[in-house]
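In what follows, a single structure is set out as structure tokens and then discussed.
Protein chains in written order, with our numbering: chain A, 85 to 419; chain B, 109 to 319.
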């Protein structure tokens, strides 16, 4: 049974916020000149009263327009991922299903997929649909940390705060021969799971009351470790998928990755021996979109005509401090 | 101590960590072009489970090359003390001359070699044996092996010494030296570990009895 990624629709909240926004707040931060944290020109921020479910609903509008409300509402599987859940205790899967008017048999809320969540969602959807769980699945991802955790007064002055951007995307997967998911590979590197932390000063658990504002904690030594992991993991999973589908990485028609920073974009492109025109990114407009990076970039490539019928696109990403990575290949059959 | 301000000098006094780290990160890649890794210097390394002193003694005897190299065969002494003649089967009828310079204190073994003639030994294989206990906290030896891309690899300076109509020159193989030397290092590892694990002398009797 063949499962296809039929379409993807995306949403970027609000007007672009330019780099000057951060220059106003910037303090002398040791990491500012660091390539990993060199700011993009623009990014979008989730509005103060906008929830992750709101973002996903707005992203899904494109799918509703192209495929009809019934297709979306009637999907059998809903896979969701939110970077900063509206409600951490139970996540956003149920609320998302309700908002999209769905009564799916399967609702799965992923939190370990990180920046590779869309790839992970494709793997899950393909597995479920090919084993008879239904005919249609939605993969909904929302990155909403930029305008929230990274925009707190004592966090937005740090160099790292200018890199993330918010955005959401919904992918439509179905039992179909149109745009087959050729293969997916995900890997968990649990030994690195503890290396990304929400650092608070003075220290407390994230749910405890206190004065310090939480931010994603990186030390300089951890940055180089994470860089080395990402340098290794994304090419590894990419090559694994390419080997199995019998396509040399250099022969891929399009490569879509997550976009944590410019260094990774360059290094992965080099590792796959691809020219820049076959590696799509929106870093300078959107910043680090975390899990939304892959579907936003894919949507951009389709809309711009950079992905033609019959082209093979490889999507690959790694998550957090390197505890998860995934790659998926699709032979695109048109929107 | 004071140093003049030199271009490219990166020391913590003038380049603090927040300036140096981006320089480091710019240099860290997913992949490195072959020529960058093996173009000017060709380095291969290996751990070998065999006592470093025994391995050094074996490597210090030029005739060991008869065993672990891919293509050097038929070592015989020349009239010049310490200079050996052998044949490199990579090139048909190709003579290779070797003089081994070993230093037991430094545990270095340098093979000074040349194809065709023994007067100018410009192909120099620099090897060093390190006690693995010191560097890996495990028994055995670490072998470091570096070769430098001497300009003579690109142009044979002594064409008159080559056999007539020989179609190849040693430098034609430079681009495969990384892989080729690793293959030979694996030979060395296989031989030395076999002997060590079976209680045999690392330096075989035929080399001991015939110095």
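Ideal Cβ placement from N, Cα and C applies to all residues, glycine included.
Q: Identify whether residue 142 (chain B) lies in helix, strand or coil by the three-state DSSP scheme.
A: Looking up residue 142 (chain B) in the second chain gives position 34. Residue 142 (chain B): helix per DSSP, three-state reduction.
Q) Would the stretch 347–364 of chain A and the stretch 121–139 of chain B be scored as touching if the rule is three or more Cβ pairs under 8 Å? A) yes
Q.
Mapping the DSSP letters down to three states, classify residue 160 (chain B) as helix, strand or coil.
A. Residue mapping note: residue 160 (chain B) aligns to position 52 of the second chain, counting from 1. In this structure, residue 160 (chain B) counts as helix in the three-state DSSP scheme.
Q: Pick out whichever of A:105, A:256, A:190 and A:234 has its Cα sitting closest to the Cα of residue 92 (chain A).
A: Translated into the one-based positions of the first chain, residue 92 (chain A) becomes position 8. Comparing Cα-Cα distances from residue 92 (chain A) to each of A:105, A:256, A:190 and A:234, the minimum goes to A:256.
Q | the stretch 400–410 of chain A / the stretch 262–272 of chain A touching (three or more Cβ pairs under 8 Å) | A | yes
Q: Could you spell out where the alpha helix (DSSP H) holding residue 302 (chain B) opens and where it closes?
A: Indexing the second chain from 1 puts residue 302 (chain B) at position 194. Start and end: 285–305.
Q) Around the Cβ of residue 208 (chain B), are there at least 16 other Cβ atoms within 10 angstroms (buried) or fewer (exposed)? A) Residue mapping note: residue 208 (chain B) aligns to position 100 of the second chain, counting from 1. So residue 208 (chain B) counts as buried.
Q.
With the cut-off set at 7 Å, would you say residue 162 (chain A) and residue 139 (chain A) are in Cβ contact?
A. As a first step, residue 162 (chain A) must be located in the first chain, where it is residue number 78. As a first step, residue 139 (chain A) must be located in the first chain, where it is residue number 55. No.
Q: With 9 Å as the limit, tell me which residues of the stretch 308–322 of chain A have their beta carbon closer than that to any beta carbon of chain B; keep them in chain order.
A: 308, 311, 312, 314, 315, 316, 318 and 319
Q. Thinking C-alpha only, which one of A:122, A:86 and A:176 is nearest residue 226 (chain A)?
A. Position 142 of the first chain, counting from 1, holds the residue named residue 226 (chain A). For the residues A:122, A:86 and A:176, the minimum Cα distance to residue 226 (chain A) belongs to A:176.
Q: Answer yes or no: does any C-beta atom of chain A fall closer than 7 Å to that of residue 133 (chain B)?
A: Mapped onto the second chain, residue 133 (chain B) falls at position 25. Yes, contact with chain A.
Q: Check whether the Cβ atoms of residue 292 (chain B) and residue 166 (chain B) lie closer than 7 Å to each other.
A: Within the second chain, residue 292 (chain B) is the residue found at index 184, counting from 1. Within the second chain, residue 166 (chain B) is the residue found at index 58, counting from 1. No, Cβ-Cβ distance for residue 292 (chain B) and residue 166 (chain B) is not below 7 Å.
Q) Start and end of the alpha helix (DSSP H) containing residue 377 (chain A)? A) Here residue 377 (chain A) refers to the residue found at position 293 of the first chain. First-last of the alpha helix (DSSP H) with residue 377 (chain A): 377–387.
Q: Kindly indicate which three-state DSSP category residue 153 (chain B) falls into: helix, strand or coil?
A: By 1-based counting over the second chain, the position of residue 153 (chain B) is 45. Correct three-state label for residue 153 (chain B): strand.
Q) Looking at C-beta atoms only, is the number of pairs between the stretch 123–133 of chain A and the stretch 197–205 of chain A that lie closer than 8 Å three or more? A) no
Q. Could you give the C-beta distance for residue 296 (chain A) and residue 285 (chain A), rounded to a whole number, given that I count them as a contact under 8 Å?
A. For the purposes of this step, residue 296 (chain A) is taken as the residue at position 212 of the first chain. For the purposes of this step, residue 285 (chain A) is taken as the residue at position 201 of the first chain. That belief holds up - the Cβ atoms of residue 296 (chain A) and residue 285 (chain A) are roughly 4 Å apart, short of 8 Å.
Q. Quick one: does residue 355 (chain A) have its CB under 7 Å from some CB of chain B?
A. Here residue 355 (chain A) is taken as the residue at index 271 of the first chain, counted from 1. By this cut-off, residue 355 (chain A) is an interface position.
Q.
Give me the residue from A:143, A:214 and A:223 with the minimum Cα distance to residue 94 (chain A).
A. Locating residue 94 (chain A) in the first chain gives position 10, where the first residue counts as 1. Comparing Cα-Cα distances from residue 94 (chain A) to each of A:143, A:214 and A:223, the minimum goes to A:143.
Q | Those residues which DSSP pairs with residue 222 (chain A) across a bridge | A | Residue numbering aside, residue 222 (chain A) sits at position 138 when the first chain is read from its first letter. For residue 222 (chain A), which the question treats as bridged, DSSP gives the partners A:162 and A:256.
**Q.** contact_flag[the stretch 232–241 of chain B, the stretch 143–162 of chain B] where n(CB pairs < 8 Å) is 3 or more
**A.** yes
Q) Around the Cβ of residue 213 (chain A), are there at least 16 other Cβ atoms within 10 angstroms (buried) or fewer (exposed)? A) Here residue 213 (chain A) is taken as the residue at index 129 of the first chain, counted from 1. Residue 213 (chain A) is buried by the Cβ-count criterion.
Q) When you compare only the Cα positions, how much space is there between residue 62 (chain A) and residue 152 (chain A)? A) Within the shown structure, residues of chain A are numbered from 85 to 419, placing residue 62 (chain A) beyond reach of any answer.
Q. If you draw a straight line from the alpha carbon of residue 164 (chain B) to that of residue 305 (chain B), how long is it in whole angstroms?
A. Translated into the one-based positions of the second chain, residue 164 (chain B) becomes position 56. Translated into the one-based positions of the second chain, residue 305 (chain B) becomes position 197. Rounded to whole angstroms, residue 164 (chain B) to residue 305 (chain B) spans 17 Å at the Cα level.
(Q) Would residue 300 (chain B) and residue 310 (chain B) be called neighbours here (beta carbons separated by less than 7 Å)? (A) Counted from its first residue, the second chain places residue 300 (chain B) at position 192. Counted from its first residue, the second chain places residue 310 (chain B) at position 202. Yes, the Cβ-Cβ distance between residue 300 (chain B) and residue 310 (chain B) is below 7 Å.
(Q) Can you confirm whether the stretch 359–375 of chain A touches the stretch 244–254 of chain A when touching is taken to mean that 3 or more C-beta pairs between the two stretches lie within less than 8 Å? (A) yes
Q | Neighbour flag for residue 139 (chain B) against chain A, beta carbons, 7 Å | A | Numbered from 1 along the second chain, position 31 holds the residue referred to as residue 139 (chain B). It does: the Cβ of residue 139 (chain B) has a partner Cβ on chain A nearer than 7 Å.
Q: Enumerate in chain order the residues of its own chain whose CB-to-CB distance from residue 199 (chain B) is below 6 Å, with the five nearest sequence positions on each side excluded.
A: Along the second chain, one-based indexing puts residue 199 (chain B) at 91. Cβ within range, chain order: 274 and 276.
**Q.** Where the alpha helix (DSSP H) containing residue 314 (chain B) begins and where it ends
**A.** Residue 314 (chain B) sits at position 206 when you count from the first residue of the second chain. Residue 314 (chain B) -> alpha helix (DSSP H) spans 313–316.
Q) residue 380 (chain A) and residue 336 (chain A): beta carbons closer than 7 Å? A) The residue given as residue 380 (chain A) occupies position 296 in the first chain. The residue given as residue 336 (chain A) occupies position 252 in the first chain. No; because the gap between Cβ atoms is not below 7 Å, this pair is not in contact.
Q. With burial defined as no fewer than 16 other Cβ atoms inside 10 Å of the residue's Cβ, what is the status of residue 263 (chain B): buried or exposed?
A. For the purposes of this step, residue 263 (chain B) is taken as residue 155 along the second chain, with counting starting at 1. Exposed, by the Cβ-count rule.
Q) Tell me the DSSP bridge mates of residue 227 (chain A)? A) Here residue 227 (chain A) refers to the residue found at position 143 when the first chain is read from its first residue. Residue 227 (chain A) pairs with A:251.
**Q.** Where residue 138 (chain A) falls: helix, strand or coil (DSSP)
**A.** Working through the first chain from its first residue, we reach residue 138 (chain A) at position 54. If DSSP states are grouped into helix, strand and coil, residue 138 (chain A) belongs with the helices.
Q. Can you name the residues of chain B whose CB is closer than 9 Å to the CB of residue 351 (chain A)?
A. Here residue 351 (chain A) refers to the residue found at position 267 of the first chain. Result: 136, 137, 138 and 139.
**Q.** Counted within 10 angstroms of its Cβ, other Cβ atoms place residue 291 (chain A) as buried (16 or more) or exposed
**A.** For the purposes of this step, residue 291 (chain A) is identified with residue 207 of the first chain, where counting begins at 1. Classification for residue 291 (chain A): exposed.
Q. Can you name, in chain order, every residue of its own chain whose Cβ lies under 8 Å from the Cβ of residue 285 (chain B), other than the five neighbours on each side?
A. Walking along the second chain from the start, residue 285 (chain B) turns up at place 177. So the qualifying residues of the chain are 146, 150 and 255.
Q: Report buried or exposed for residue 308 (chain B), applying the criterion of at least 16 other Cβ atoms within 10 angstroms of its Cβ.
A: Position 200 of the second chain, counting from 1, holds the residue named residue 308 (chain B). Residue 308 (chain B) comes out exposed.
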